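Q:
Protein chains: 2
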Amino acid sequence: MKFKYRRIPEETIRRLPVYLRGLLFSSQMGHRKISSSELAEFVGVNSCQIRKDLSYFGEFGKRGVGYDIEKLAKEIRNILKLGTVRKAVLVGAGNLGSAVLTYPGFKIYNFAITAAFDADPKKIGKKVRDITIEDVRNIAKLKKRKIDLGIIAVPQADAQKTADELVKAGVKAILNFSPCYITAPKRIKVVTIDIAMDLARLPYYMPVS
Amino acid sequence: MKFKYRRIPEETIRRLPVYLRGLLFSSQMGHRKISSSELAEFVGVNSCQIRKDLSYFGEFGKRGVGYDIEKLAKEIRNILKLGTVRKAVLVGAGNLGSAVLTYPGFKIYNFAITAAFDADPKKIGKKVRDITIEDVRNIAKLKKRKIDLGIIAVPQADAQKTADELVKAGVKAILNFSPCYITAPKRIKVVTIDIAMDLARLPYYMPVS
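Chains A and B are the protein sequences, given in the same order. Take the first sequence: its letters are residues 0 to 208, numbered as in numbering that gives the first Met the number 0. Take the second sequence: its letters are residues 0 to 208, numbered as in numbering that gives the first Met the number 0.
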């Protein structure tokens, strides 16, 4: 299906992976069709919003019949440009970094972590999965390896410095796990994840004890 | 400030912690006032959306003057009911679980992880920060300790079973890090975090290589 790129709200792009994951879970559970209200229930976004988000990219699904799960998942992958394998580098192989290295979820989105760096001499040279941890002082040498994405899992105090080095090493986007704001040139997309932030909306739904 | 609870969209509640974090970062950087367009730029949500989200709860800020950062942060904390310390339990003390235990971000939102469980005999009895890892077979005994929140960081295959046990142990909400869909009774709010999912929207912004 062809679609014209209109100006797509960032929020829409933010929700597409949520829909994609909902579709994948639904498919794992053996379903083949899903209505927008079922998908809405599943991912916690209302169905009008889902239909509106998808309408930016064309006509999906039929009224009363719902979406073909596999087909819609494929379309979303296309929209998000997930077709190509993207090489990623991890900086910081502590607990969170190691969790990132062994996390099964990245493959689903076609990300391959192909390098990892740390400053700790005890970690340098060790293998996690099939990746040997390299000395963080050698990040600049990454440039030749054409890495698309930098993942930052270093202590907060080193986050900005690491981001600067990754930008110099040629990454096009950064995923930041440090709980702080980092800056980068406009052409580099930075996404900061705060693994605690999603907790912050839970008390709203909890009965007062 | 008083506000009437109208029916608030889940998406609005999802964005409030994002605003709160933006305000905290901005405050860390030494600012005291912020306009909705500055906040928008900062958190990647458009300014109309921010104003609309906040309008559910009353009048914040003045046209042309912007928001008082500290005051707005306090209001958002009130709305999200973050005033009370909430006790949390972690199940699964692997890499990701250990990262959760040592992550500095939870305190900001008034969550105190007060217990941790694992199935691995080598981990049981060990201390991470000031928390002793307990045997996962004793989860049921949690009930007396009045834990509000369960955090799941176990392998995917054990996630649903763990959720069921946490529900029996009386948690009111679950934060799930396993890359799978888990079900719980309607009164229990479940938030699933996929640490890879936020990567999925990066290629959209990356130039084709």
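All C-beta atoms in this analysis are idealised placements derived from N, C-alpha and C, irrespective of residue type, glycine included. These numbers come from a predicted model, not from an experiment.
Is it buried or exposed for B/Glu-211, if we count other Cβ within 10 angstroms and need 16 for buried?
A: Beyond the ends of chain B as shown, which are 0 and 208, falls residue 211 of chain B; an answer cannot be given.
Q: Please list, in chain order, the chain A residues whose beta carbon lies closer than 7 Å to that of B/Ser-97.
A: Neighbours of B/Ser-97 on chain A, chain order: Asn-94.
Q: Does any C-beta atom of chain A lie closer than 8 Å to the C-beta of B/Met-0?
A: Bear in mind that a pLDDT of 46 at B/Met-0, under 50, signals an unreliable position, so the number given afterwards is only what the model happens to contain. Chain A contact via Cβ: absent.
Q: Below 7 Å on C-beta distance, what does A/Tyr-204 contact in chain B?
A: Within 7 Å Cβ-Cβ: Ala-172 and Lys-188.
Q: Counting contacts by CB-CB distance shorter than 8 Å, is B/Asn-137 in contact with chain A?
A: So no, B/Asn-137 is outside the interface.
Q: Within the same chain, show all residues whose beta-carbon is closer than 8 Å to that of A/Asn-137, passing over the 5 residues directly before and after it, in chain order.
A: Phe-116, listed in sequence order.
Q: Nearest by alpha-carbon distance to A/Gly-221: which of A/Thr-11, A/Ala-162 and A/Lys-106 is it?
A: No statement about residue 221 of chain A is possible, as the shown extent of chain A runs from 0 to 208 and does not include it.
Q: For a minimum of 3 consecutive residues, which ranges assigned as the beta strand (DSSP E) are wholly contained in the stretch 68 to 127 of chain A?
A: 85 to 90 and 110 to 117, all fully within the stretch 68 to 127 of chain A.
Q: Of all Cβ atoms in chain A, is any one closer than 8 Å to the Cβ of B/Gly-43?
A: Chain A, which has a Cβ nearer than 8 Å to the Cβ of B/Gly-43, makes this yes.
Q: Name the chain A residues whose beta carbon is nearer than 9 Å to that of B/Asp-52?
A: By Cβ distance, chain A contributes nothing, its closest Cβ being about 11 Å from B/Asp-52, past 9 Å.
Q: May I have the straight-line CA-CA distance separating B/Arg-144 from B/Ala-114, to the nearest angstrom?
A: The alpha-carbon atoms of B/Arg-144 and B/Ala-114 are separated by roughly 9 Å.
Q: Jot down the residue ranges of each uninterrupted beta strand (DSSP E) in the stretch 171 to 206 of chain B, minimum 3 residues, whole runs only, in chain order.
A: Segments of the beta strand (DSSP E) lying fully in the stretch 171 to 206 of chain B: 172 to 175 and 188 to 191.
Q: How close, in whole Å, do the beta carbons of A/Leu-198 and B/Arg-200 come, if the pair is a contact with beta carbons under 8 Å?
A: With a Cβ gap of about 22 Å, A/Leu-198 and B/Arg-200 do not count as contacting.
Q: Could you spell out where the alpha helix (DSSP H) holding B/Leu-38 opens and where it closes?
A: Run containing B/Leu-38: 35 to 42, per the alpha helix (DSSP H) assignment.
Q: Are the stretch 153 to 162 of chain B and the stretch 174 to 185 of chain B in contact at 8 Å, needing three or more beta carbon pairs?
A: With the cut-off at 8 Å, the stretch 153 to 162 of chain B and the stretch 174 to 185 of chain B touch.
Q: Which residues in chain A have a C-beta closer than 8 Å to the C-beta of B/Lys-80? List them in chain order.
A: Chain A residues near B/Lys-80: Pro-202, Tyr-203, Met-205 and Val-207.
Q: For a test of the three-state rule: what should DSSP assign to A/Tyr-18, helix, strand or coil?
A: Three-state DSSP puts A/Tyr-18 in a helix.
Q: Please list, in chain order, all residues of the same chain as B/Leu-81 whose beta carbon is under 6 Å from its beta carbon, the five residues on each side excluded.
A: These residues qualify, in order along the chain: Tyr-108 and Asn-109.
Q: Does the beta carbon of B/Asp-129 sit closer than 8 Å to a beta carbon anywhere in chain A?
A: Taking Cβ atoms only, chain A never reaches closer than 8 Å to B/Asp-129, which makes this a no.
Q: Helix, strand or coil for A/Asp-52? Go by DSSP, reduced to three states.
A: The answer is helix: DSSP assigns A/Asp-52 an H, G or I state.
Q: In terms of DSSP beta bridges, what is B/Lys-32 paired with?
A: BP columns for B/Lys-32 point to B/Asp-67.
Q: In angstroms with no decimal places, state the Cα-to-Cα distance between A/Glu-133 and A/Ala-72.
A: Whole-angstrom Cα-Cα distance: 36 Å.
Q: Would you decide whether A/Val-189 is buried or exposed? Buried here means 16 or more other CB atoms lie within 10 Å of its CB.
A: Classification for A/Val-189: buried.
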